[in-house]
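There are 4 protein chains.
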Amino acid sequence: MEEHRPPALQENELREQTQDRLPKVKEAIDRVGVSGLKVALKLRGKSGDESHFLADVDLFIDLETDRKGIHMSRLVESINEIICKDCHDPKESFEQLGIGILTELQKRHNYRRGEINIATTLLLRRFTPVTAKPTDEPYDVAVRVSVDGNVFRKRMTVRAIGSTLCPHSLETTKGKAHVQRAEIELSIETGITENIVFEELIEICEKSFSSPTYTVLKTMDEAAVVEEMFRNPKFVEDVARDCFKQARNLNFRGRLHIRAVSLESIHKHNAVSEIERVFE
Amino acid sequence: MEEHRPPALQENELREQTQDRLPKVKEAIDRVGVSGLKVALKLRGKSGDESHFLADVDLFIDLETDRKGIHMSRLVESINEIICKDCHDPKESFEQLGIGILTELQKRHNYRRGEINIATTLLLRRFTPVTAKPTDEPYDVAVRVSVDGNVFRKRMTVRAIGSTLCPHSLETTKGKAHVQRAEIELSIETGITENIVFEELIEICEKSFSSPTYTVLKTMDEAAVVEEMFRNPKFVEDVARDCFKQARNLNFRGRLHIRAVSLESIHKHNAVSEIERVFE
Amino acid sequence: MEEHRPPALQENELREQTQDRLPKVKEAIDRVGVSGLKVALKLRGKSGDESHFLADVDLFIDLETDRKGIHMSRLVESINEIICKDCHDPKESFEQLGIGILTELQKRHNYRRGEINIATTLLLRRFTPVTAKPTDEPYDVAVRVSVDGNVFRKRMTVRAIGSTLCPHSLETTKGKAHVQRAEIELSIETGITENIVFEELIEICEKSFSSPTYTVLKTMDEAAVVEEMFRNPKFVEDVARDCFKQARNLNFRGRLHIRAVSLESIHKHNAVSEIERVFE
Amino acid sequence: MEEHRPPALQENELREQTQDRLPKVKEAIDRVGVSGLKVALKLRGKSGDESHFLADVDLFIDLETDRKGIHMSRLVESINEIICKDCHDPKESFEQLGIGILTELQKRHNYRRGEINIATTLLLRRFTPVTAKPTDEPYDVAVRVSVDGNVFRKRMTVRAIGSTLCPHSLETTKGKAHVQRAEIELSIETGITENIVFEELIEICEKSFSSPTYTVLKTMDEAAVVEEMFRNPKFVEDVARDCFKQARNLNFRGRLHIRAVSLESIHKHNAVSEIERVFE
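The listed protein sequences correspond, in order, to chains A, B, C and D.
Using the numbering used here, the first residue of the first sequence is number 1, and each one after it goes up by one.
Using the numbering used here, the first residue of the second sequence is number 1001, and each one after it goes up by one.
Using the numbering used here, the first residue of the third sequence is number 2001, and each one after it goes up by one.
Using the numbering used here, the first residue of the fourth sequence is number 3001, and each one after it goes up by one.
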């Protein structure tokens, strides 16, 4: 792979650099790289329309036993090469961007295992339940693409906000109940070719709450949301289980992680419920 | 005040230091110092019992036009001198600690205006409404003591967590309503001798919510809290106004700031209401 | 202004709503509204090219003494109306977006004082000092547009990251010195028509550090950055003053606030320096 | 274990509760409980002196397939029972507190796997390198005690702040170099009886940096710290490896995780290096 080091050549870095020396402690490093890089990304949907994102990117590679350091600038250069606005056709997905960057990096830096995390916020169009007003709802999402040799994997994570209405309270207080904002983080780690899309994961989360939430709600919409909450009382345990059941139906092979958090309105602390499973 | 610089003497720093030179830009600085210092504090109550706190401390002074820098280490030394466990009797209040530190600093560093912020978490004993279980509830608090010449002032800030139940929703949905966690930040800036205590400010906040919240709640307690919410439906506007009315009754002269935030369970964003007033 | 309430009409909200009742505590509220709204924004530059942003938006209005609550959904509707992708020509600046939203809101909701905060991240093209590699550097920015009656004002805030190299240390240790990451927050509040642009404020900040920082640096670039640091040793006081001097040259009328923070590499806490001035 | 449920009895909760019903989705839950509880803790050292802490506590248990929910209040009650100031002798360590709480919970709630996380800040006495001034340095620490059946394990995590000085920069720029604040998170998961103490882990971290940092530094101390940085240039890779080598010498069986982060002063992003190993 060493033929592919033109940047070093161009910049007169041919001489042995500090990074290439022997380290004092000869121990392999699992993950070394950059974190917290802010980058502008562009994706092109199947219909040809483009979407723009500001993303937080981490990029790590492994480092062998007998080399002091990696060349960090090549990591950032690989990201810039792939995302640069003027020199490529936009990819269709964050996964493809991740694969592109890890592959580009293989031309610039020797490594065996690499990993890129791309975190951003999606805005998805929803319509309010009664007046059908359009509203763009925000969801934090992240994709991690990892490669070991030439085997790629991905982990897709979404975080959605909704509500829980306490079923115990609804029984005890006879029709009254405490409600609160709640969150689900749903994460699936699987092979790179599995067909898992953010929109579907977000929909699964939203259906798992007592009710989804909306950025705009007129009086009649608000009433409908409240009625829906009272029809679907759920413990944070129910939220995690309902999310699990739907996610399981995606029929992927890999690891599933669900974390539901209820920002209890009767407590100052949160209630949490987690399910982790591996499907082979 | 320059006679009081023994630390410099003891440490062979008599020669002119970089800080004492003329700056290139001859402009006074309003506030220069350290922020994010973690310190262990001890207070002694009137009954003689001691309380321990981990606090976040900021300490700033002003800097005159023709001096390049302050001697930052003297700020930290002044804090250490006053809080050190083994060399003093504990103060009765955070304000007294603040006054002590600003006064100690006057012996070590020339300044006209100084300001110390001490932020920590109080745990106050509460009892649940029905089963009367004891429960220690957390409240973030902060005191800022400032001095200009020899006039001291203080600003006391508390943050309390409670709940709001939407009155509009309760009307529209006929007995059902959305509830959510809410917070109030209440802040009073006044003369140093005004009798304002954290416990009273926290109580004012807690009475302003639809209901206070508790760390432990047995079934009957939870039912009582839910009943209280439904008896006291409040917009975030009502919360701020009810807090204002009580705070006004404290009869201080100075500045009052109230910020109520409702973590809406029907939205992903928050609702906020603020009242600011100056009483002369 | 009440003629302009078509949304209420369309949605059968003509009857008196809870919000329109008399409050128990008859006290005006300074600021009530929504915070933490995530919205997608589009701006069109003078050359016609479009830029896309994900922004955090807060929108507040005042509330008179004898009205219980505001109609929060109208705030969000006003934002959506102005930013919606399909129904308008993009504005040229965040200020114009803010003015547009506050003006739209005046058609939908009675208020006297209003305020919108739009916070986002800009990526600006830079070139590394020696190899002239292009690199997109991130800067957090925010604009607050406020209106009182029909007088608009704006506050523009930028946050830039750079470095400080301690001049005292450089003297004492004879050519060696501690360096650290540093930040400047520069904020100017002024009339709406004053010509203040983010790019210029960011440039002022970057010139105030010991050196600016870059996302990519090849070996020779890194050497140049380090040399520049050692040529420009600066206390956090110097950073604030150098920033002040340049900002003053913008010749605006209004309020200037500078906060420089040095993430000290010899301490666990930060060093801070602040300058505030009003220019009439 | 069901004989031990007196709290339910005392509070008239004998009737079947909502939590005890069958869930719709019959799936076990790995972890359900409370997070973000603020509690005041007291430990008694071997010399008999007491230390006080404000801690953030999470407490989780598993939930079987055919039960709708756990009884969350019993989790908080178990914590309160063990930490309450007036009714027990202080434990010697956070681990013992964790064991105590998980054991108390077994009397109140049926579960198989449980886990408690206790996070707080330690202040440790240090002395500055030349003037030997005492200074209390802060370190974030956390212990997780888990139990499966009756087998207890623990994970101890410390986070320490220090500095890195870039060796590559030092070579290229001939005696000059960029320095920055850096952090290490060192975590060891092992059997409950292994003799791992926070103070030792913190010391390992501090020896792994280019230099440790101090809250107070007089001129001569600062010079000594800077000299030490320049004597110990380290990539973030070196920091992780040096930390690894020392941690390995503790000779425990279990899992080791090291994450070193350098807040680069020449970049806006961070450099990160991680080592994970399992020792059987």
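Yeah, the Cβ is synthetic: ideal placement off N, Cα and C, and Gly gets one too.
Practice item. Helix, strand or coil for Val1226/B, going by three-state DSSP, please let me know. Key: Helix.
Check your understanding: Using CA coordinates, which residue listed in Leu122/A, Arg67/A and Gln17/A is at the minimum distance from His52/A?
Key -> It is Leu122/A.
Practice item. Grab me the residues of Asp2058/C's own chain with a C-beta within less than 6 Å of its C-beta, minus the 5 sequence neighbours each way, in chain order. Key: Contacts found: Ser2035 and Asn2117.
Practice item. On a CA-only basis, which of Thr135/A, Leu124/A, Arg74/A and Arg113/A is nearest Leu105/A? Give me that one, please. Key: The shortest CA-to-CA distance from Leu105/A to any of Thr135/A, Leu124/A, Arg74/A and Arg113/A is the one to Arg74/A.
Practice item. Using a Cβ cut-off of 9 Å (strictly closer), state whether Ser3035/D contacts chain A. Key: Output row for Ser3035/D: interface = yes.
Check your understanding: Whose C-alpha, out of Ala3028/D, Gln3019/D and Asn3251/D, is nearest the C-alpha of Arg3113/D?
Key -> Considering only alpha carbons, the answer is Ala3028/D.
**Study point:** Min CB distance Ile2082/C to chain D below 9 Å
**Key:** Residue-level contact check: Ile2082/C does not touch chain D, since none of the beta carbons of chain D fall below 9 Å from its beta carbon.
**Study point:** Gln3017/D to His168/A span [Cα, whole Å]
**Key:** Gln3017/D and His168/A: Cα-Cα distance of roughly 7 Å.
Review point. Using the beta-carbon count (16 or more within 10 Å), is Val197/A buried or exposed?
Key: Taking a 10 Å sphere around the C-beta of Val197/A, we find fewer than 16 other C-beta atoms and assign the residue as exposed.
Review point. From this set, Gln96/A, Glu92/A, Asp56/A and Met72/A, which residue's C-alpha is nearest Thr120/A's C-alpha?
Key: Closest in alpha carbon position to Thr120/A, among Gln96/A, Glu92/A, Asp56/A and Met72/A, is Asp56/A.
Check your understanding: For Leu1102/B, which residues from the same chain have a beta carbon less than 7 Å from its beta carbon, with the 5 sequence-adjacent residues on both sides left out?
Key -> In chain order, Gly1114, Ile1116, Val1145 and Val1147 place their CB closer than 7 Å to the CB of Leu1102/B, counting only its own chain and leaving out the 5 sequence neighbours on each side.
Check your understanding: Counting only beta-carbon atoms, is His2052/C nearer than 9 Å to chain A?
Key -> For His2052/C, the answer is yes, since a Cβ of chain A falls inside 9 Å of its Cβ.
Review point. What are the residues that DSSP puts in a beta bridge with Ile258/A?
Key: Ile258/A is bridged to Leu186/A and Ile275/A.
Review point. Would you call Thr1065/B buried or exposed, if buried means 16 or more other Cβ atoms sit within 10 Å of its Cβ?
Key: Here Thr1065/B is exposed, its C-beta having fewer than 16 other C-beta atoms within 10 Å.
**Study point:** Cβ pair count under 8 Å reaching 3, the stretch 2126-2140 of chain C against the stretch 2217-2225 of chain C
**Key:** Contact holds between the stretch 2126-2140 of chain C and the stretch 2217-2225 of chain C, because three or more Cβ pairs, one in each stretch, are under 8 Å apart.
Exercise for review: Measure the Cβ-Cβ separation of Phe3235/D and Ala3177/D and say whether it is below 9 Å.
Suggested key: No. Outside cutoff.
Check your understanding: What does Gln1019/B reach in chain C if we use C-beta pairs closer than 8 Å?
Key -> Those within 8 Å of Gln1019/B in chain C are His2168 and Phe2235.
Check your understanding: What residues in its chain sit with their C-beta under 7 Å from that of His1257/B, if we drop five residues either side in the sequence?
Key -> Here the set comprises Ser1187 and Glu1276.
Exercise for review: Would you mind working out which of Glu3274/D, Ala3182/D and Glu3081/D sits nearest Pro3233/D, comparing C-alpha positions?
Suggested key: The shortest Cα separation from Pro3233/D among Glu3274/D, Ala3182/D and Glu3081/D belongs to Ala3182/D.
Exercise for review: State the DSSP-derived secondary structure class of Tyr3111/D, mapped to helix, strand or coil.
Suggested key: Here Tyr3111/D sits in coil by DSSP.
Practice item. Per DSSP, which residues does Met2156/C bridge with? Please list them. Key: In the DSSP output, where bridge partners are listed per residue, Met2156/C has Val2143/C and Ile2188/C.
Check your understanding: Quick one: does Arg2113/C have its CB under 9 Å from some CB of chain B?
Key -> Chain B contact via Cβ: absent.
Review point. Arg67/A: which of Glu92/A, Ile192/A, Cys205/A and Lys24/A sits nearest, CA to CA?
Key: Considering only alpha carbons, the answer is Lys24/A.
Point to revise | Cβ pair Ala40/A, Ile70/A closer than 9 Å | key: Note that the C-beta distance between Ala40/A and Ile70/A is not below 9 Å.
Exercise for review: For Gln3019/D, collect the residues of the same chain with a Cβ closer than 8 Å to its Cβ; drop the 5 residues on either side in sequence, then sort them by chain order.
Suggested key: Excluding sequence neighbours, Gln3019/D sits near Arg3067, Lys3068, Gly3069, Ile3070 and His3071.
Check your understanding: What in chain A is Cβ-close to Thr2121/C, meaning under 8 Å?
Key -> Going along chain A in sequence order, the residues near Thr2121/C (Cβ under 8 Å) are Lys38 and Leu54.
Point to revise | DSSP three-state assignment for Thr3128/D, whether helix, strand or coil | key: Three-state result, Thr3128/D: coil.
Review point. Taking buried to mean at least 16 other C-beta atoms within 10 Å of its own C-beta, is Pro3006/D buried or exposed?
Key: Note that Pro3006/D has pLDDT 35, beneath the 50 cutoff, so the model's placement of it is unreliable and the number below is only indicative. Exposed, by the Cβ-count rule.
Review point. When you compare only the Cα positions, how much space is there between Asp1089/B and His3269/D?
Key: C-alpha of Asp1089/B to C-alpha of His3269/D: approximately 45 Å in a straight line.
Exercise for review: State yes or no: is the beta carbon of Leu3043/D nearer than 9 Å to at least one beta carbon in chain B?
Suggested key: Closer than 9 Å: no.
Practice item. Could you tell me whether the Cβ atoms of Met2229/C and Ser3265/D are closer together than 9 Å? Key: At a Cβ-Cβ threshold of 9 Å, Met2229/C and Ser3265/D count as neighbours.
Point to revise | Whole-angstrom distance between Ala1160/B and Asp1140/B, CA atom to CA atom | key: When rounded, the distance between both Cα atoms is 7 Å.
Review point. Between the stretch 2173-2199 of chain C and chain D, which residues of the former have CB atoms less than 7 Å from a CB of the latter, in chain order?
Key: Listed by position, the residues of the stretch 2173-2199 of chain C near chain D (Cβ gap below 7 Å) are Thr2173, Gly2175, Lys2176, Ala2177, His2178, Val2179, Gln2180 and Arg2181.
Exercise for review: Have a look at Ser1273/B and Arg1031/B and give me their C-alpha separation to the nearest angstrom.
Suggested key: Going by the C-alpha atoms only, they are around 30 Å apart.
Check your understanding: At what residues does the alpha helix (DSSP H) containing Lys245/A begin and finish?
Key -> From DSSP, the alpha helix (DSSP H) with Lys245/A extends over Val236 to Arg248.
Point to revise | With 16 other Cβ atoms within 10 Å as the buried cut-off, status of Glu150/A | key: Contrary to the premise, residue 150/A reads as Asn rather than Glu in this sequence. Asn150/A comes out exposed.
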